[in-house]
Every structure is written in structure tokens, then in C-alpha cells.
Amino acid sequence: MQKIKAIIFDLDGVIVDTAIFHYQAWKRLANEYGFDFTPEQNERLKGISRLESLEILLSIGGIEISSAEEKNRVANKKNKWYRENILKMTPNDILPGVKNFLIDLKNTNYKIAIGSSSKNAGTILEKIGLDGFFDSVIDGLKITNSKPDPEVFIKAANELNIDPENCLVFEDAAAGIEAAKKAGMLAIGVGKYENLSNADKVIPDFNDINVFMIENLTN
Ligand code: B16
Ligand code: MG
20 MQKIKAIIFD
30 LDGVIVDTAI
40 FHYQAWKRLA
50 NEYGFDFTPE
60 QNERLKGISR
70 LESLEILLSI
80 GGIEISSAEE
90 KNRVANKKNK
100 WYRENILKMT
110 PNDILPGVKN
120 FLIDLKNTNY
130 KIAIGSSSKN
140 AGTILEKIGL
150 DGFFDSVIDG
160 LKITNSKPDP
170 EVFIKAANEL
180 NIDPENCLVF
190 EDAAAGIEAA
200 KKAGMLAIGV
210 GKYENLSNAD
220 KVIPDFNDIN
230 VFMIENLTN
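Put into C-alpha cells, the structure is as follows:
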């Protein structure tokens, strides 16, 4: 197996727990339309773009919106609620174990990147003090097709100048694992196995992860 030279991190749900803020905002929107939206249903939205997420939510509620203008208005409303939460974030919101792991990777000369579908990634990285920390940041503003399309991870590998087969992805979304596998990369799921069964390995969080584990993955 090829040696891992670069690690690409998803943002929402891996570096920070913004996945819960996305869920709360979509649930609020669903409730305004008069239906409920469960955490299980929310799994389908993880890693997917804002407008694609809206389409899925509306189909779950049996709501039809025909005009693109109205869809954008509703998506912007959800984003406004979501941003109210991310603007309150601080470096303390980085998930346990993540910062030390990132520092260890840098110190052992791994390239590190962000591969996120989010157009709010820049704001989040700034709020948590990781702006400028990664060798490459590919986010929702730089891609045309969101996960499960592999574009975001291929672009990150290109920017790092590392072959996809030498990249490892950490992801909390089934769509993200699919994108990483399509890109020809190793994929580690972060969360529950039942949601991430296509990953090469699943870890519950970053509490027990270290660089030696990465080296052993490919030995
Ligand atoms: P935004 P990730 C994804 O980020 C989220 O998982 C997904 O729930 C969200 O809809 C998408 O970003 C777009 O986010 O509305 O902020 O542009 O997990 O790929 O970092
Ligand atoms: Mg995610």
C-alpha cells in the first residue's frame, strides 16, 4: 500500500461540531413549514451543499417550492440562523484531541488540508484560530460539485501537489467517505460505524489518535 503523505480533514463534524448547528437550523426551518426533522434524517444532509440539502429537506416534508429565487431566500434564512451560532465560536470549540493531532502531523512533515463543502469554512477557521494553519483549504466557494463528488478532495491533493493515493481523509459524513473513495484516497470515518460503514476504518473521535496510527495504517 502507498505511503500516506497528506491528511485532508473535513471541517463540519470533524474539526468542530458545527454539524449540530446545521441540524438545529434545518430543524427550525422544517418546524416553520410544520413538520419535524430528526437526527437520523439529518445524516442525509451531512457533507451536501446548502441548496441540495434544502431540496432533501423539502422532499422529506412534502413541500414544493418552484421558484429558484424563493429557494435561495429560504436557504439564506437557514444560513443566517446557522451563522448566528458559528459567529460565537472560539478556539475552545475545536473538538478534543484535534489540535494536538494537527500539531503532531505538522511536526512530522505531513501536509494537512481542509476539504469542506461549506461556504462558511473561512469564517469558522478564523473564529477557531486555525486561519492560515493548513497547507491548503478547499471549501464550498472553490468547488462546483459538492460531496459525494470527489472534486473537493482532488483539488486539495492537487494544491498540495500530492497524489490522491498518498492522501488520507477524515470525514463524518457518508457522502464525504464516498467522495474520498471516488478520489482514490484512504478514508477514516469519525462518528458512528452505522453511518460510515464504507470507510476503511471508523473512529469515535480524536481522543486516541496519533501519528503512529497513521503510519501503521499503511504497513
Ligand atoms: P454551508 P463539511 C458541509 O460541510 C456540511 O456537512 C453540510 O451539512 C452543509 O450543508 C455544507 O457543508 C454546506 O455548508 O451552508 O455552510 O455552505 O462537512 O463538508 O465541512
Ligand atoms: Mg462534515
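Residues in the sequence shown are numbered consecutively from 20, following my numbering. Ideal Cβ positions, reconstructed from N, Cα and C, are used throughout, including at glycine. Quantities reported herein were computed from a predicted structural model and do not represent experimental measurements.
Counterpart residues of residue i in DSSP-defined beta bridges
| i | result |
| --- | --- |
| F28 | I133, F189 |
| S155 | A132 |
| N66 | Correcting the residue identity first, residue 66 is Gly in this sequence and not Asn. Paired residue(s): none; G66 is not in a bridge. |
| V35 | D31, I113 |
Cβ-heavy atom distance, residue i to the ligand COA, below 8 angstroms
| i | result |
| --- | --- |
| A38 | Here the bound small molecules are the ligand B16 and the ligand MG; the ligand COA is not part of this structure. |
Residue i - DSSP class collapsed to helix/strand/coil
| i | result |
| --- | --- |
| A218 | coil |
| A202 | coil |
| V230 | helix |
| G14 | No answer is possible for residue 14: it lies beyond the span of the chain, which begins at 20 and ends at 238. |
| I75 | helix |
| N50 | helix |
| K174 | helix |
Proximity below 9 angstroms, CB of residue i to CB of residue j
| i | j | result |
| --- | --- | --- |
| F40 | F153 | no |
| N50 | R102 | no |
| A94 | L73 | yes |
| K97 | W45 | yes |
| V209 | L124 | no |
Cut-off 6 angstroms between Cβ atoms - residues of its own chain near residue i, not counting five sequence neighbours on either side
| i | result |
| --- | --- |
| E184 | Q21, G203 |
| V171 | G134, I157, I162 |
| T127 | V230 |
Min CB distance residue i to chain C below 9 angstroms
| i | result |
| --- | --- |
| N91 | No chain C appears in the structure shown, which is made up of a single protein chain. |
Closer than 8 angstroms: residue i CB and nearest the ligand MG heavy atom
| i | result |
| --- | --- |
| V221 | no |
| S135 | yes |
| L30 | yes |
| D112 | no |
Same chain, Cβ closer than 8 angstroms to residue i, neighbours up to 5 away in sequence not counted
| i | result |
| --- | --- |
| I147 | I34, V35, M108, T109, P110, D112, I113 |
Check: residue i C-beta below 8 angstroms from any heavy atom of the ligand B16
| i | result |
| --- | --- |
| A140 | yes |
| Y212 | no |
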